[in-house]
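Line order of the protein sequences matches chains U and L. So the first sequence is numbered by my numbering: it starts at 1 and just counts up by one. So the second sequence is numbered by my numbering: it starts at 622 and just counts up by one. Glycine included, every Cβ here is placed at the ideal spot set by N, Cα and C. Since the structure is predicted, the reported quantities are computational estimates derived from the model, not experimental observations. Step one of this worksheet: look at the structure below.
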Amino acid sequence: MADGKTGNWGPVNSILATDCGSTTTKAILIERQSGGYRLVARGEAPTTVEAPFEDVTLGVRNAVRELEELTGRKLLGQQGVLCPRSADGTGTDLFLSTSSAGGGLQMMVAGVIKTMTAESAQRAALGAGAIVMDVIAIDDGRRPHEKIRRIRDLRPDMILLSGGVDGGTISHVAQVAELIAAAQPRPRLGTSFKLPVIFAGNVKARDHVRKVLGGLSDLRVVENLRPVMEREELGPAREEIHRLFLEHVMAQAPGYATLMSWASAPIMPTPGAVGLGMQNVAKLYRTSVIGVDIGGATTDVFSVFGPEQELFVRTVSANLGMSYSISNVLLEAGLENVMRWLPISVDPVDLKNRIRNKMIRPTTIPQTLEELLIEQALAREALRLAMEHHKTLARGLKGIQRLRHMGETFDQEATGQTHIDLMELGILVGSGGALSHAPRRMQAALMLLDAFQPEGVTRLAVDSIFMMPQLGVLWTVSPEPAAQVFERDCLVHLGTAISPVGNGRPGERAFTLKGTLPGAGEVEEEVLAGQLRVLPLGVGEKATVEVVPGWGMDAGAGKGRKLKTEVHGGVCGLILDGRGRPLVLPEDPVQRRRKLVEWFRCVDAYPADLLTRLAGPLPRE
Amino acid sequence: MSEATFRVSLIRKVRKLPLPGEVLVQPGQRVQPDTVVARIDLKPGIPWVLPVARLLGIEPDLLPQAMRRQVGDRVKLREIIAVAERGLYGRKEYASPTDGVIEEISARSGRVIIREEFGKEEPPVSFDVAFEIGCKPRDLMKNMMKSIGHEVKRGQVVAKKGETQAFFTKTALAPISGVITEINTQTGYVTISRPFKEVVTRAYLNGVVAEILPGRGAVVQSPGVKLTGVFGVGREGHGPLKVVTDGTLGPDAISPEDEGRILVAGGPITREALRRALDCGVRGLIGATAAYLDVVETLGIKVGVGITGQEDIPLTLILMEGFGELAMRETAFGTLRSLDGRLACINGATQIRAGAIRPEVIVPFPGWEGDLVAETTVDEELAPGQRVRIVNDPYFGHIGVVAAIPAQPYELPTEARVPVAEVVLEDRTTVVVPRANVELF
C-alpha cells in the first residue's frame, strides 16, 4: 500500500477514482444503491503536471470539484480528498488513482537472446504498463559500443535485465550486465538518485550482477522471468516494476507524493490498470478477449487468450493515434490503404493537408460527414496496424523443444507462432475517442470489424466513457463493485457479429442463419457473399441460433459444418457479415466505393441521404 | 514605433546543461544571446569490449590472473595487457587495440572493457581507401562498408573489395576511432573525425543573469515581447527582425542582403521562398503557414512524433498558424510589424503533444523601464463579440465574430452532439461550428 494503509476498509458505499492522463484528469464517483453499485457522476479537468502548475493534485481537485457540483456531495477538504468517509456522510470510502501523466513509464529492457529472454522481458514491461524504448540483446546486431551509447542516450525510468535459465551458463547475462555498467546510465527524471535496475535472470548470476551493477544503480533482484526455457514467469518482475514506478517515477513527478498519500491503494500506470480490466473481462465472461484503446498519441492493444485465459499480452504502438500521431498513421499505412475505406472521392493532397491540421490542432472535431468518414478511415488503419504489431509479440515462447505427435510429422509449424486466434476470440472491446464517441454505435462496430476482422462468432463492445483504468485499479482492491459497474455502466454492448472465414463468389450463399430471435420471432436468413446485414437483437437479449455456412466457408465448426451457438444482443443488434475473411475490397475504385456505400446503407451506419449525395453517381460496371 | 501594439513582460529562460558541468556567468551579469552560460568538460570515450579470455584461449575465470594491467590503469596502443601461460602450448599475449583506461575485467564473461580517451582533439584523418582496396575512386561507394555519420573504431573494416574469393579480398581499416565525415569519390579518400563534442549552453537572450543553477546553468531574464507559433523547425537563433510582406512570401522578396536576418511574412511561405531563404543564408523565417510537403522536402527533414527543433538546418522556420493557406492573426502580425528592425531570438522547438512546447519569437527589451504585464498562460474563454477563426472544414480559414454561445449542445451533420458557437462570417452569413473548431483571432 502506498502509505501503509491496509486493505480493511469496512463497508464500501462510495468510491472515488481518478485517472491522471497526459491531457485530462478524469474522476468518477461510484455509489452503492439499492440494486448494487452504479456510476453516479463523472468529472474532468486538464491535467496539471506541467508548468505553470506543476502539481498533479490541482487537476485532481478540479475534476473532483466537478463531481461535487454534479452530485452535491462534499468530497474535498483542506487536506485533499476526504477518505475515509466521516460520520456526517462527507468524503468517500475509497479513493483510487491511475496515472499516465508525464509521459507514462518509460523502460529499457535487456536480455541475452532477442527472441527469447529479451522478448520475455519486453512482454513483462509492456504488461506492467510501460513504454519500451529499446530492447538490448547480445544478438541484436549492434556492436557493443553502439549498445552502450544507446543505453546512455536513452535515459529510461528503469531497466529490466533478464537472461539465462536458472542454473544455466551465466557468462552471457554477465556480458549484458557489464554493458549496462559500462554505459553508466542515468534516469530520466531527477539526477540525484540512482537508476533503478531490475534483475530477473538466472539465479546463479545474481551475485555477479550485484557486483557489477550494485554500486552503480539501485539494483532489485526478483525471480527469473524465464526459469526454464519452456516457461515464462512474468509476475514478480511486473510487480517490481509497479513498485519502482511508485517509489521512483511517481515520487519524482510533481505533486504525486501528495496524491499517493490521499490514495487508499497504490497508484497504477494507466495502461497497467486497463490491462487488469481486460483480464477481468475475460474472467467475467469466461472467454478470450481483445481490447484496444485508441488514443491521440498511442494505441494500446490487449489480448487475453488460452484455455484458462492465462495468456495476457499488451502492446503499445507508440506512434499510432488519432491526433498527435495521425500523420504517422498515414505514413505507415500509406495513402492507398486509407483511401480504400472512403466511399467518397477525395483529393489526396487535400487529404494530407487535413491530416496535418488535425496533428497541430488535435482538439478539432469533424463537422461534416466527409471529415467523419476520413477520420474513421484513418482509425481503421491505425487499429489494423496496431493489431499487426500486437501479433508479433503475442506469441508462444521461442526456442523451446516441443513434443510432436505422429500426426504432426509433416507439420511445418515453428515455435513462437502467434496465439491470437481470431476464430476463438469471444469479445472485442474498443475504447478511446474514435470508437467511444462515434456518433452512431454502428460506426464503431464497423471500424472494429474492418480493422480486426474477427472470425466466426464474436461479441463487440465499446467502453462508454473510458473508465476502464479506474475500474482496473478498483478490481485490485474491491472486485465486486468493479464488476457491477463494469457490466452496467462501462461496457456498451454493440451486439454479436457472425463472420465466416472464406471468400465465396458474388451471389453465392455465404451462410444461413436459423433461430428464434426475441424481437423478430422465427428467422431464416440467407446471407450472400459480399453482403452485410443486421437483425434486431437488443441489449440484454440473447438467442440460440444455427449458422449453416456455404460451400468452403467456416463459421467456427469447420468448413461447411453447421454451428449451433448462443448470440448476445446490443445496441446494434446481430450483425451478419458475409463479406468473407480475409475481407477483400474490390480493386476498381468506383466498384469499391459502390460496395462501401451499399454496406453502410444496409446497416444504417451513416445518414443515408447525405451519404448518397456525397458519394455521387456510382455506375455498376 | 508605436508601443501600444505590444505588451512587454518579464521573460525568464532557464538555460541548463543536460549533465552537470561548469557555470561561466555571475549573478547580475549582462549577457548577449551568444554568451556561453555553462559548459561541460565531458568528452565521452568509446568503450572497447574485448573478449580477452577467448582470444587467449583460457577460461573466463582465469582472466584476472592473466591480466597484467588492472581496472583504472591507463594503457597504450599495442601495450601487452594480458598474458596466458598455457604450458605445452606456450605463452600467448594480448595487446591493447587502443589507448584508454581499463574500466572492467570480468571473470564471468571473460571480457575486458577499455574506455578510449578522447579530448586529444586530434585533427581529422584522411586516408586513401581506394588505393588500399585497389579500386577506382568513383567505385568507392559500392565498396564502402560504412557510410557518412557512422562511428568506427580503430582497426574496423571501413571498405572491402572482393566478396566471393576471400583470399583476394582487400580491406581498408580505420586508422583512428571516430566518425566518418567524408567519402570522396574524386580522390578516393575517406575522412574520419574525432567525435569530440563540447557541450555548451548559451544565454539565448540578451538580458541579465537572474539566478545561478549550481553546476547546471543559469536563469537569464529580460523584459521583452514573446509570441508563440503553432509549428516550427530548427534550433535557437537570433537576428534582426525584418517584415518583408503582409501577404504571401515569394522568392523575389528575399535578397543576399538578408543573410543573418529573421524575415517575417503575414501570409503563407512558398516553396521557392524557402529555397531562396536557404540560399541567401537567412537565419529565420516567420510566416503564417506553409504547405507541409514544401517544408519537409525543401529543408530535408522528417517530422514525426516528438520534439522538433533539433534539426541540423541553418534556418529556423516558425509557422504562426500551421499548414495550408491562412493569413497571420492580426494581433500577432501587428506586434511583429511594430518590432521591425529589433533583435529577435527564435526557437523552432515544437512538441506536437498537448501544446507542451510551441515555437517562440522573443524580442528582448533589456533597457525597458515601462510597465510589465504578466505573461498570460490561461486561454481566454469564448464569448460573444470575439473575433475568431474557424480551423476545420467546411469553413476552414474563415474569420468572423462570435454572435452567440448556445448553452445546449447542437447536432452536427455528422450527428454528433457537441457544444457550438454561432459565428457571423465576414460575408455576413451566420454559421454554427463546434467550439473546438474555432480559435481567437
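The contact set of residue 1033(L) on chain U, defined by CB atoms closer than 7 Å, consists of 367 in chain order. What residue 1057(L) touches in chain U, judged by beta-carbon distance under 8 Å, is 363, 364 and 365, going in chain order.
In its chain, beyond the 5 residues on either side, 377 and 380 have a beta carbon closer than 6 Å to the beta carbon of residue 341(U). Note that the C-beta distance between residue 255(U) and residue 57(U) is below 7 Å. With the criterion set as a beta carbon lying under 9 Å from some beta carbon of chain U, the members of the stretch 702-727 of chain L are 724, 725 and 727, in sequence order. The continuous alpha helix (DSSP H) containing residue 892(L) extends over residues 892-901. The shortest CA-to-CA distance from residue 142(U) to any of 113(U), 130(U), 166(U) and 160(U) is the one to 113(U).
DSSP places residue 341(U) in the coil class of the three-state scheme, outside both helix and strand. Beta-bridge analysis with DSSP links residue 33(U) to 36(U).
Take the alpha-carbon of residue 498(U) and the one of residue 334(U): they are about 30 Å apart.
Residue-level contact by beta carbon fails for residue 968(L) and chain U, as no gap is shorter than 7 Å. Around residue 372(U), the same chain offers 366 as residues with beta carbons nearer than 6 Å, after the five sequence neighbours per side are excluded. For residue 516(U), the closest of 535(U), 468(U), 169(U) and 531(U) by C-alpha to C-alpha distance is 535(U).
At least one beta carbon of chain L lies nearer than 7 Å to the beta carbon of residue 439(U). Chain L places no beta carbon closer than 7 Å to that of residue 62(U), leaving this residue out of the contacts. Pairing residue 747(L) with residue 896(L), the inter-Cα distance amounts to about 33 Å. Closer than 7 Å at the C-beta level to chain L, one finds these residues of the stretch 593-609 of chain U: 607. Across the structure, residue 308(U) and residue 568(U) are spaced so that their CA atoms are roughly 22 Å apart. Only residues of its own chain outside the window of five on either side were considered, and among them 296, 297, 358, 359, 362 and 363 have a CB closer than 8 Å to the CB of residue 323(U), listed in chain order. In this structure residue 551(U) is exposed. Its beta-carbon is surrounded by fewer than 16 other beta-carbon atoms within 10 angstroms. Residue contact with chain U for residue 825(L): absent (no Cβ-Cβ distance below 7 Å to any residue of chain U). At least 7 Å separates the CB of residue 680(L) from every CB of chain U.
In this structure, the straight-line span from the alpha carbon of residue 555(U) to that of residue 95(U) is close to 46 Å.
Residues of chain L whose Cβ lies closer than 9 Å to the Cβ of residue 337(U) do not exist; the shortest such Cβ separation is about 19 Å. In this structure residue 30(U) touches residue 481(U) by the C-beta definition: roughly 6 Å separates them, less than 8 Å. Note that the stretch 901-916 of chain L touches the stretch 875-893 of chain L; at least 3 beta-carbon pairs, one per stretch, sit closer than 8 Å. In this structure, residue 59(U) and residue 75(U) do not form a Cβ contact; the two beta carbons are roughly 15 Å apart against a cut-off of 8 Å. The stretch 795-803 of chain L and the stretch 769-785 of chain L touch, with three or more beta-carbon pairs separated by less than 8 Å. With a beta-carbon spacing of about 6 Å, residue 637(L) and residue 834(L) fall inside the 8 Å limit used to define contacts.
Here DSSP, grouped into helix, strand and coil, assigns residue 450(U) to helix.
DSSP places residue 425(U) in no beta strand (DSSP E); its state is neither H nor E.
If you draw a 10 Å sphere on the C-beta of residue 33(U), you find fewer than 16 other C-beta atoms in it, and that means exposed.
Listed in chain order, the positions of the stretch 557-572 of chain U with a beta carbon within less than 7 Å of a beta carbon of chain L would be empty, since no residue qualifies. Residue 474(U) places its beta carbon 7 Å or farther from that of residue 428(U).
For residue 372(U), the nearest beta carbon of chain L is closer than 7 Å to its own beta carbon.
For residue 293(U), the closest alpha carbon among the candidates 437(U), 395(U), 310(U) and 201(U) is that of 437(U).
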